[in-house]
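Since the structure comes first, as structure tokens, the remarks are kept for the end.
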């Protein structure tokens, strides 16, 4: 999403679902920690502003952005969370390392979203310069961490609603009477 004409920290609080009962995991890369700490601050602030209790926020650190996928996977497997926010920052350098890390992290987070039932939110800055990252981690473009927190709340709500609607639909099917299958006979033993 282009940030040139958007402040990442701005959102309509009235459009945010109730998040009081949700639990959130945050996995934070220690690499480029000036940036990732700013992003984490924005994410936590966004969650707290929307009445998520502080004890419902779990934070884990990993060495770098490449390790975010494993950290998020382990959080999904071991913690009772409704969404995970993966926070990292990869800044273009002189080698192809940037391309490999960005590709691996984005694909890894996509894979977690496909393979698991708990949303993982991509909050990884992939900028050309340190200044661009500063601008998006609390600077002139706002804070991508705040945007990620709002996305996490919305996705946790979507997950909850989809599960609830599925349960209601199944209950209605079960309570509508015996299953009738035309063309088949029940064989009694």
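Numbering (my numbering), first residue to last: 53 to 241.
Just so you know, even glycine gets a beta-carbon here, dropped at the ideal spot from N, CA and C.
Take the Cβ of residue i as the centre, count every other Cβ of all protein chains shown within 10 Å, and call the residue buried at 16 or more, exposed below.
i	result
residue 199	buried
residue 196	buried
residue 108	buried
residue 94	buried
residue 119	buried
residue 67	exposed
residue 117	buried
residue 172	buried
residue 125	buried
residue 128	buried
residue 147	exposed
residue 210	exposed
residue 138	buried
residue 166	exposed
So what does DSSP say about residue i, is it helix, strand or coil?
i	result
residue 71	coil
residue 113	strand
residue 66	helix
residue 170	coil
residue 296	One cannot answer for residue 296 here, as it falls past the ends of the chain, which runs 53 to 241.
Locate the alpha helix (DSSP H) running through residue i, then write down its first and last residues.
i	result
residue 130	120-130
residue 157	149-167
residue 185	182-188
residue 99	85-101
For residue i versus residue j, is the C-beta distance shorter than 9 Å?
i	j	result
residue 158	residue 176	yes
residue 134	residue 76	yes
residue 145	residue 79	no
residue 191	residue 58	no
residue 203	residue 71	no
For the beta strand (DSSP E) holding residue i, just list the boundary residues, first then last.
i	result
residue 77	76-81
residue 142	135-143
Stretch pair the region 151-164 + the region 94-113: three plus CB contacts closer than 8 Å: no
Inter-stretch contact (C-beta, 8 Å, three-pair minimum) for the region 71-87 and the region 181-197: yes
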